[in-house]
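Heads up: the sequence lines are chains A and B, in that order. Numbering-wise, the first sequence is residues 1 to 236 according to my numbering. Numbering-wise, the second sequence is residues 1 to 117 according to my numbering. No residue lacks a Cβ here, since even glycine has one placed at the ideal position from N, Cα and C. First up is the structure itself, then whatever we jot down about it.
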Amino acid sequence: MNLTIGSLIDFIGLGLGFLFTILIFSYLLGDNPFFRLAIHIFIGVSAAYVALVTINNVLIPRLIIPLINGTQGERLLSLLLFIPSLFLLTKATPLRKAGNWTVAILVGIGAAAAVGGAITGTLFPQILGTINSVDPSAYAISTSRWDQAINGFIIVLGTVTTLIYFHFGARETPGQSSERLPIIENISKIGKVFLAVTFGALYAGVYLSSLAALVERLTFIWEFLNSLGFTLFSSF
Amino acid sequence: MILVITDDPNTAKSWIEQVGTQLKDIPLNMVVSAQAEPLIQPYFRASPQLLSGYVAGVIHSLNYEQLREQPNLASAAWLPYNIGIIITVGTMFIGGLANGVLSLFSRHRARQIGEIK
Numbered sequence: 001m002n003l004t005i006g007s008l009i010d011f012i013g014l015g016l017g018f019l020f021t022i023l024i025f026s027y028l029l030g031d032n033p034f035f036r037l038a039i040h041i042f043i044g045v046s047a048a049y050v051a052l053v054t055i056n057n058v059l060i061p062r063l064i065i066p067l068i069n070g071t072q073g074e075r076l077l078s079l080l081l082f083i084p085s086l087f088l089l090t091k092a093t094p095l096r097k098a099g100n101w102t103v104a105i106l107v108g109i110g111a112a113a114a115v116g117g118a119i120t121g122t123l124f125p126q127i128l129g130t131i132n133s134v135d136p137s138a139y140a141i142s143t144s145r146w147d148q149a150i151n152g153f154i155i156v157l158g159t160v161t162t163l164i165y166f167h168f169g170a171r172e173t174p175g176q177s178s179e180r181l182p183i184i185e186n187i188s189k190i191g192k193v194f195l196a197v198t199f200g201a202l203y204a205g206v207y208l209s210s211l212a213a214l215v216e217r218l219t220f221i222w223e224f225l226n227s228l229g230f231t232l233f234s235s236f
Numbered sequence: 001m002i003l004v005i006t007d008d009p010n011t012a013k014s015w016i017e018q019v020g021t022q023l024k025d026i027p028l029n030m031v032v033s034a035q036a037e038p039l040i041q042p043y044f045r046a047s048p049q050l051l052s053g054y055v056a057g058v059i060h061s062l063n064y065e066q067l068r069e070q071p072n073l074a075s076a077a078w079l080p081y082n083i084g085i086i087i088t089v090g091t092m093f094i095g096g097l098a099n100g101v102l103s104l105f106s107r108h109r110a111r112q113i114g115e116i117k
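And the structure:
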């Protein structure tokens, strides 16, 4: 049998893939040490990969190199970022309170970016999309206008009724339990149907993704066993 | 063109919200798993479009492979994938049917016990 180093490495990679797939599938028999071993290895490898990518693609080129070889401005900027980074490291020591202000800055910037992105990237475009769905002048020429009108009506109905479903304001009546207005209660029932359909679609999507992954793994096992059989057969 | 490949709906959403809004003439495209499709489709259908195009799950992948006339993983997975879906739907149908029949029997028995008492 003529094996080059490349094909040997490929074979070891495929063999490890096969082994770990079987270890993960062993969970079908219940929680066991083999499954836990595979999970620990996956988590360790993922964490190590993220750490290496961060060091190679962020810390070294964007912090260390500008600090050593950069211009005066770059060095100053890097130093301004380097000092909070050092304070962040104190979170793993008994002096953890010293790193609070760095965490506060990170959380603040993160929240601002998330809220800003959600408003400009989701909220406004979706409001515009909902408005445009019932605007005949915004309809595409390629498809039927009736189709688009019905689609727009369903979008608006779904949006409004779902939002009303989450309206929990109630009129307070002395001596009685607070209840929503009957009209709100009835409209929210339609919203509940839209929510159920949405969650059903999301669940179906998750299931289809898992099924695709399962099919891919089973195909891999089948092909690996076939290739193993072929190699063993040809070695005789 | 920017191409994002992810199986996480939140990652896809973050890319659209944080990067897609800053792009002027550069198209943002995605290759995502089926679970991310319901969440990213509104961005594709919105006007103005924040997402120029996407391929989601095995079904879109198969369409894309057929369009390119280059059969690959999706074409190979198509038959077992469909068998899996049929088994799932069949299991749900039979389970629902069995549940309905059993509940009918238990209701009937409860009524009989009530009459005897």
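* Asked: Would A140 of chain A be called buried (16 or more neighbouring beta carbons within 10 Å of its own) or exposed?
  -> Reading the first sequence from its first residue, position 140 is the one you call residue 140 of chain A. A140 of chain A should be labelled exposed.
* To do: Flag this pair as yes or no: are the beta carbons of A12 of chain B and A36 of chain B separated by less than 8 Å?
  => Here residue 12 of chain B refers to the residue found at position 12 of the second sequence. Here residue 36 of chain B refers to the residue found at position 36 of the second sequence. Yes, these two residues count as a Cβ contact at 8 Å.
* Kindly identify the DSSP beta-bridge partner or partners of L115 of chain B. => What you label residue 115 of chain B is simply residue 115 of the second sequence in a count that begins at 1. It is worth fixing the name first, because residue 115 of chain B is Glu in this sequence and not Leu. Its beta-bridge partners do not exist; DSSP assigns none.
* **Interface residues of the segment 18-34 of chain B facing chain A [CB-CB below 8 Å]** => Q18, G20, T21, S33, A34
* Round the Cβ separation of A77 of chain B and V215 of chain A to the nearest angstrom and send it over; I've been treating them as touching at under 8 Å. => What you label residue 77 of chain B is simply residue 77 of the second sequence in a count that begins at 1. What you label residue 215 of chain A is simply residue 215 of the first sequence in a count that begins at 1. The pair is a contact, with the Cβ atoms about 5 Å apart (cut-off 8 Å).
* **Endpoints, alpha helix (DSSP H) assigned at L106 of chain A** => Translated into the one-based positions of the first sequence, residue 106 of chain A becomes position 106. Segment 100-117, the alpha helix (DSSP H) holding L106 of chain A.
* Could you list which residues in chain A have their beta carbon closer than 8 Å to that of Y81 of chain B, in chain order? => Sequence index remark: in the second sequence, residue 81 of chain B carries index 81 (1-based). Those are L211, A212, V215, listed as they occur along chain A.
* To do: Please classify I141 of chain A: does DSSP put it in a helix, a strand, or coil?
  => In the first sequence, counting from the first residue as 1, residue 141 of chain A sits at position 141. Note: I141 of chain A maps to coil in three-state DSSP.
* Provide the residue span of the beta strand (DSSP E) that contains N29 of chain B, from first to last. => Within the second sequence, residue 29 of chain B is the residue found at index 29, counting from 1. Element bounds for N29 of chain B: 28-32.
* Asked: Straight-line CA distance for S14 of chain B to I22 of chain A?
  -> Along the second sequence, one-based indexing puts residue 14 of chain B at 14. Along the first sequence, one-based indexing puts residue 22 of chain A at 22. Answer to the nearest angstrom: the Cα atoms are 34 Å apart.
* Would the beta-carbon of S188 of chain A fall within 8 Å of that of I164 of chain A? -> For the purposes of this step, residue 188 of chain A is taken as residue 188 along the first sequence, with counting starting at 1. For the purposes of this step, residue 164 of chain A is taken as residue 164 along the first sequence, with counting starting at 1. Result yes, Cβ atoms of S188 of chain A and I164 of chain A sit closer than 8 Å.
* Spell out whether any CB of chain B is found under 8 Å from the CB atom of T54 of chain A. => As a first step, residue 54 of chain A is located in the first sequence; it is residue number 54 there, counting from the start. T54 of chain A does not count as touching chain B.
* Asked: Between G73 of chain A and T21 of chain B, which are expected to be in contact by the criterion C-beta below 8 Å, what is the C-beta distance as a whole number of angstroms?
  -> Within the first sequence, the letter at position 73 stands for residue 73 of chain A. Within the second sequence, the letter at position 21 stands for residue 21 of chain B. Incorrect: roughly 29 Å between the Cβ atoms, too far for contact.
* To do: Please name the residue, chosen from A:H40, A:R96, A:Q126, A:V206, that lies closest to F44 of chain B on a Cα-to-Cα basis.
  => On the second sequence, position 44 is the one that residue 44 of chain B refers to. The shortest C-alpha separation from F44 of chain B is found at A:Q126.
* Looking only at its own chain, which residues have a Cβ that is under 8 Å from the Cβ of A40 of chain B, when we skip the five neighbours before and after it? -> For the purposes of this step, residue 40 of chain B is taken as residue 40 along the second sequence, with counting starting at 1. The residue asked about is misnamed: residue 40 of chain B is Ile in this sequence, not Ala. Cβ neighbours of I40 of chain B beyond the five flanking positions: P9, A12, K13, I16, M30, V32, L51, Y54, A56.
* Asked: Cβ of G96 of chain B less than 8 Å from any chain A Cβ?
  -> As a first step, residue 96 of chain B is located in the second sequence; it is residue number 96 there, counting from the start. No, G96 of chain B lies away from the interface with chain A (no Cβ there is under 8 Å from its Cβ).
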